[in-house]
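Down below is the structure, laid out as structure tokens.
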Amino acid sequence: MGSTYESSGRTRQKQRTRDQLVAAIRELLASGVTPTVDQVAAASGISRTTAYRYFPSQHSLLIAAHPEIDLSSLLASDAPMDPRERLELVLDEQLRIVRDWEPQLRASLRASLEPDSGPLPLRGGRAIGWFEDALRPLGASRSKKLAVAIRATAGIESYVWLRDIAGLTPAQACAVMRSNAIAIFGADAAAT
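So the sequence shown is numbered by the working numbering: it starts at 4 and just counts up by one.
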């Protein structure tokens, strides 16, 4: 839960209300609307007053829309030990997440670009952790450095540029991002 209001009294009901509001936010974003608090209230069937208790601004709405993916790894327990194979598996899943959650990730990115927006609470660099996990067989210091370089090519920022500026389709954008990430991995392997 987000606010003091939400953490006191009838917390289960408040969590259900928050979940309804977040679902409405995500649906509106997916339909191409950057919603206001009033629009989210109307779409969810919740009063404006109540909606503003949860989300006092459009900025707080956009932050709430960010996907909450609490996975520490994108690899299955029986994942291969070869770092490139592991990286390819994680890249495929990371790029699927970017495509599936594009409207919400764009909203979060937009919120992060607002002046004085402060840190976004849901952006913890989890994709870097996923890439580090994939590259773990290479050793801790090497996997961290490489994970950061790969994340720079395989995230929503690159995806937005490839789609909006380069004019690529979602599949083409993901193919370029995947190719760039594999090239970074190959350059690192050649350098060692």
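Positions of the beta carbon are idealized from the N, C-alpha and C atoms, including for glycine.
Exercise. Could you tell me the boundaries of the alpha helix (DSSP H) in which H62 lies?
Key: For the purposes of this step, residue 62 is identified with residue 59 of the sequence shown, where counting begins at 1. Q61 to A68 is the extent of the alpha helix (DSSP H) around H62.
Quiz item: To the nearest whole angstrom, what separates the beta carbons of I159 and L77, a pair I think is in contact under 8 Å?
Solution: As a first step, residue 159 must be located in the sequence shown, where it is residue number 156. As a first step, residue 77 must be located in the sequence shown, where it is residue number 74. Rounded, the Cβ-Cβ distance is 16 Å, inconsistent with contact.
Quiz prompt | Through-space distance from E91 to E196, alpha-carbon basis | solution = Residue 196 lies beyond the range of the chain shown here (4 to 195); nothing can be said about it.
Quiz item: By Cβ distance below 8 Å, which residues in the same chain neighbour V25 in space, the five residues on each side in sequence not counted?
Solution: Along the sequence shown, one-based indexing puts residue 25 at 22. Within the same chain, and ignoring the five residues on either side of V25 in sequence, the residues whose Cβ sits closer than 8 Å to its Cβ are A67 and A68.
Quiz prompt | C-beta neighbour in chain D for A26, strict 8 Å | solution = Here there is only one protein chain, and chain D is not present.
Quiz prompt | Given D41 as reference, the closest of Q61, S34 and N183 once Cα atoms are compared | solution = Start at 1 with the first residue of the sequence shown, and residue 41 comes out as number 38. With respect to the C-alpha of D41, the residue from Q61, S34 and N183 having the closest C-alpha is Q61.
Quiz item: For V93 versus A137, is the C-beta spacing smaller than 8 Å?
Solution: The count along the sequence shown starts at 1 and reaches residue 93 at position 90. The count along the sequence shown starts at 1 and reaches residue 137 at position 134. Going by C-beta atoms, V93 is nearer than 8 Å to A137.
Quiz item: Applying the criterion that 16 or more other CB atoms from any shown protein chain within 10 Å of the CB defines a buried residue, is I153 buried or exposed?
Solution: Numbered from its first residue, the sequence shown carries residue 153 at position 150. Buried.
Quiz item: Can the beta-carbon of V43 be found less than 8 Å from the beta-carbon of A33?
Solution: As a first step, residue 43 is located in the sequence shown; it is residue number 40 there, counting from the start. As a first step, residue 33 is located in the sequence shown; it is residue number 30 there, counting from the start. Contact: no.
Quiz prompt | Between the CA atoms of D81 and E117 - distance to the nearest angstrom | solution = Within the sequence shown, numbered from 1, the residue matching residue 117 stands at position 114. Within the sequence shown, numbered from 1, the residue matching residue 81 stands at position 78. Rounded to whole angstroms, E117 to D81 spans 42 Å at the Cα level.
Exercise. In the DSSP assignment, find the unbroken alpha helix (DSSP H) run with T53 in it and report its ends.
Key: As a working note, residue 53 is residue 50 in the sequence shown. Going by DSSP, T53 is part of the alpha helix (DSSP H) stretching over R51 to Y57.
Self-check item: Continuous alpha helix (DSSP H) assignments of at least 4 residues falling wholly in the stretch 85-151
Solution: As far as the stretch 85-151 is concerned, its whole alpha helix (DSSP H) runs of at least 4 residues are 86-103, 105-115 and 129-138.
Exercise. Report the rounded CA-to-CA distance for V163 versus K147, giving the unit in angstroms.
Key: The residue labelled residue 163 in the question sits at position 160 within the sequence shown. The residue labelled residue 147 in the question sits at position 144 within the sequence shown. Going from the Cα of V163 to the Cα of K147 covers about 24 Å.
Exercise. Kindly list the residues whose CB is nearer than 8 Å to the CB of G48, restricted to its own chain and excluding five residues on each side of it in sequence; keep chain order.
Key: The sequence position of residue 48 within the sequence shown is 45, counting from 1. Residues of the same chain with a CB within less than 8 Å of the CB of G48, apart from the 5 flanking positions on each side, are Q23 in chain order.
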